[in-house]
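Read through the structure below, which is laid out as structure tokens, and then see the notes.
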Amino acid sequence: MPRSAWVLSALLVAGVGAPAARGEPGPGTAETIAGASVAAEIEKAAAEAVRARVRPPDRIEVVLSRSDGGSFPASEPLRLEILDVVGPNTSGSARVRLRVLAGDRPVGEARATVRCEVRGPALVARRTLARGAPIPADAVEVADCNLTRMTEPPLREPGQVRGLAPVRTLGTGQVLAASLVGGAPVVHRGQPVSLKIETERMSVIASGTARRDGAVGETVTAENAATGAVVTGSVQPDGSILVVRGNPSRGKRS
2 MPRSAWVLSA LLVAGVGAPA ARGEPGPGTA ETIAGASVAA EIEKAAAEAV RARVRPPDRI
62 EVVLSRSDGG SFPASEPLRL EILDVVGPNT SGSARVRLRV LAGDRPVGEA RATVRCEVRG
122 PALVARRTLA RGAPIPADAV EVADCNLTRM TEPPLREPGQ VRGLAPVRTL GTGQVLAASL
182 VGGAPVVHRG QPVSLKIETE RMSVIASGTA RRDGAVGETV TAENAATGAV VTGSVQPDGS
242 ILVVRGNPSR GKRS
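In the numbering used here, the protein residues as written are 2 to 255.
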């Protein structure tokens, strides 16, 4: 049996990268292989198990796969079960644990470390995107990117940022994710705003100045123009601030 079939046999036993049921031997077998070749096949099987962890359109590109070696009998056909796959993490490292069997008899376990990159299509900035400025359609594009260090899924389509703005300035080539964009600000730092406080018994409106930019639903601070009191509130669709802490009609406390 060629080695490629040996690796395929190992993956069939593993359920294409998923942990195999312990104690349930799979159908794959292989010809007897020398110890050094067994290590090489373990590394190949580990790499394929890691590749199976990522779903399209993303993919795994293996940089390096190393096993801990081990001494296994060369007198019987050998096969593998993938017991456990951990990773890849944001450093591009994954650990794989495998069971080595001679026939149906376990003869030991092997471990392999796989260094890899996670790659796939993602929305990236074609130029610097200023914080708070709506993102123009021509300022982003879909490109094949290294996603290894991403801690959340990337955005994939230009339509996902339509009407949105960066929450901080983003540089050229930045991969975009949901946490990096939000609604475009309707309140801007230094500009006048209406401060509203509402209770069951009264409603107060005062004039103030925003102390930071804010989109609808965001919490911002503002200063009462008459008293200097600093209040915190939620930005409303009409551009006013609904005060949730502080009182726009009171002056500063000493």
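Quick reminder that beta carbons are idealized off the backbone N, C-alpha and C, glycines included.
Could you give the C-beta distance for VAL119 and LEU148, rounded to a whole number, given that I count them as a contact under 8 Å?
5 Å
Using only the alpha-carbon positions, how far apart do PRO58 and ASP145 sit?
10 Å
To the nearest angstrom, how far is the alpha carbon of GLN175 from that of ARG163?
17 Å
How many angstroms separate the CA atom of ALA211 from the CA atom of GLY121?
41 Å
May I have the straight-line CA-CA distance separating GLU110 from ARG132, to the nearest angstrom?
52 Å
Would you call the CB atoms of ALA66 and ALA48 closer than 8 Å?
Note that residue 66 is Ser in the sequence shown, not Ala. Taking 8 Å as the Cβ cut-off, SER66 and ALA48 qualify as a contacting pair.
Under DSSP, the beta strand (DSSP E) around ILE136 begins and ends at which residues?
Looking at the DSSP string, ILE136 is not in any beta strand (DSSP E), and its letter there is neither H nor E.
Use the C-beta contact count for PRO256: other C-beta atoms within 10 angstroms, 16 or more gives buried, fewer gives exposed.
Since the displayed the chain opens at 2 and closes at 255, residue 256 lies outside it and no answer follows.
Judging by CA-CA distance, which residue of ALA134, ALA185, ALA41 and PRO78 is the nearest neighbour of ARG107?
It is worth fixing the name first, because residue 107 is Pro in this sequence and not Arg. Among ALA134, ALA185, ALA41 and PRO78, the Cα nearest to that of PRO107 belongs to PRO78.
Indicate the three-state DSSP secondary structure (helix, strand or coil) for PRO155 in the structure shown.
strand
Cβ separation of THR91 and THR152, assumed to be a contact under 8 Å, to the nearest whole Å:
6 Å
Residues of its chain near LYS197, where Cβ-Cβ distance is below 6 Å and the 5 sequence neighbours each way are ignored
ILE206, SER241 and LEU243
For LEU171 and LEU130, which I take to be in contact (beta-carbon distance under 8 Å), what is that distance rounded to the nearest angstrom?
4 Å
Under the three-state DSSP convention, the category ARG52 falls into:
helix
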